[in-house]
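Per the numbering used here, the sequence shown starts with residue 2, numbered consecutively. Just so you know, even glycine gets a beta-carbon here, dropped at the ideal spot from N, CA and C. Predicted model only: the values in this text are computed from it and were never measured. Data block below; observations after.
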Amino acid sequence: MNASHTALENVLCAATTIIDRTPALTEFAAVPTDLDFVQRAPVSKPAVDCLVSGLPAASPATQPLVDAVVSTAPYAEWRTTYTAEQVGVDFVNRYGYFELYGPSGHYTSQQSRAFIGYWGDHLHYPRHQHEAEEVYYIIAGEAYFDTGNEPTRCCSVEDMQFHYANQSHSMTTKNSAVLCLALWRGAGFETSAHLSPY
Ligand code: ZN
C-alpha cells in the first residue's frame, strides 16, 4: 500500500467509524459493501492551503476524521464544481471537496457516495440542487443552511442537515470555516450539483 492509499484508507476508516456509530447516517446510507480503491492522481486546489493551515474546532468523535483529512489533503483529487464566473473568485479559492467513495471516488461504489467538503469562513454557497438525496454531517466548524422552507439552521460539529431530491439549498459560513462529510443516495447520485435557476 503506497502513501496515497494509506492516507485514503485512514479517511475511509475514520468516516466508517462515524457512519457506523451514528444511526441517522447508517439509516441514510450505510458504508457501501462494494468499495474498490482506485489510484487517482492528486489534484490540488487553492483551498487546500487554507485547510492544512488550520481548521476550526472538532469534537473527540470527529477529530480522527479531521486529522485523517488533513494528512490526506496532498493526495486527494480535490474538485471545485463551479467557476469563478458562477460563484466568485474568493469562493473558488477557499472551497473544495473530494469524493471519498462513489461512482468517481477514490473508492468506487455504485451504492452511495461520500464527499469531504471544506469551505473557508465568510463564504456564501448560493442556492443549488441535485437529484440525489443528501445529508451533511459537520466534522469541524459550523455553517448555516437555508432551504427556503424552514428557518435558517446553524449546524455545528456532529450536527446533520438533510436535503431531499432536487431541494434547492444554500450554505453560508460566518466567523468559522467548516469541514463536512456529505453522503448522497438515490436516483441521480452519480450526477453533480448545479446552481438553482432562481
Ligand atoms: Zn447539497
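Rounded straight-line distance, which links the Cα of residue j to that of residue i
| i | j | result |
| --- | --- | --- |
| PRO61 | SER5 | 25 Å |
| TYR126 | ALA144 | 10 Å |
| ARG154 | GLN168 | 15 Å |
| TYR96 | VAL71 | 14 Å |
| VAL90 | ILE117 | 21 Å |
| MET19 | GLY55 | A small fix is needed here, since residue 19 is Ile in this sequence, not Met. Computed Cα separation, rounded: 22 Å. |
| PRO57 | GLY142 | 5 Å |
| GLU151 | PHE92 | 25 Å |
| TRP120 | TYR98 | 9 Å |
| THR17 | VAL32 | 6 Å |
| SER105 | GLU191 | 8 Å |
| LEU182 | TYR199 | 27 Å |
| VAL53 | ALA69 | 11 Å |
| CYS14 | PRO65 | 9 Å |
| THR1 | MET172 | Nothing can be reported for residue 1, as the shown portion of the chain is limited to 2 through 199. |
| GLU100 | THR23 | 20 Å |
| ASP160 | VAL12 | 19 Å |
| ALA188 | ALA59 | 32 Å |
| PHE146 | MET2 | 39 Å |
| GLU10 | TYR102 | 11 Å |
| LEU26 | VAL49 | 26 Å |
| GLU28 | GLU86 | 38 Å |
Cβ shell of residue i (< 7 Å), same chain only, five flanking positions each side left out
| i | result |
| --- | --- |
| ASP37 | TYR108, THR109 |
| SER157 | ILE139, GLU143 |
| SER177 | PRO57, ASP122, GLY142, GLU143 |
| VAL88 | PRO127 |
Closer than 8 Å to chain D by CB, residue i
| i | result |
| --- | --- |
| THR18 | Looking for chain D here will not work: only one protein chain is present. |
Nearest-angstrom beta carbon gap, residue j and residue i [assumed within contact, 8 Å]
| i | j | result |
| --- | --- | --- |
| LYS175 | HIS129 | The pair is not a contact, with the Cβ atoms about 19 Å apart (cut-off 8 Å). |
| ARG186 | ALA115 | Not really, about 10 Å apart at Cβ, beyond 8 Å. |
| VAL136 | GLN162 | 7 Å |
| VAL67 | ILE140 | 6 Å |
| ASP21 | GLN112 | The pair is not a contact, with the Cβ atoms about 15 Å apart (cut-off 8 Å). |
| LEU184 | ALA30 | 5 Å |
| THR73 | ALA8 | 4 Å |
Contacting residues, own chain, Cβ-Cβ under 6 Å from residue i (five flanking each side not counted)
| i | result |
| --- | --- |
| CYS51 | ARG95, GLY121 |
| HIS170 | THR148, HIS164 |
| HIS131 | ALA194 |
| PRO47 | ASN94 |
Closer than 7 Å: residue i CB and nearest the ligand ADP heavy atom
| i | result |
| --- | --- |
| VAL39 | Here the bound small molecules are the ligand ZN; the ligand ADP is not part of this structure. |
Cβ shell of residue i (< 8 Å), same chain only, five flanking positions each side left out
| i | result |
| --- | --- |
| VAL39 | GLY106, HIS107, TYR108, THR109 |
| THR84 | VAL93 |
Q. Could you name the residues, in chain order, whose CB is less than 6 Å away from a heavy atom belonging to the ligand ZN?
A. HIS131, GLU135, HIS164, HIS170, ALA194
Q) How do the region 72 to 85 and the region 39 to 46 stand: do at least 3 beta-carbon pairs fall below 8 Å, yes or no? A) The region 72 to 85, when compared against the region 39 to 46, does touch it at the 8 Å Cβ threshold.
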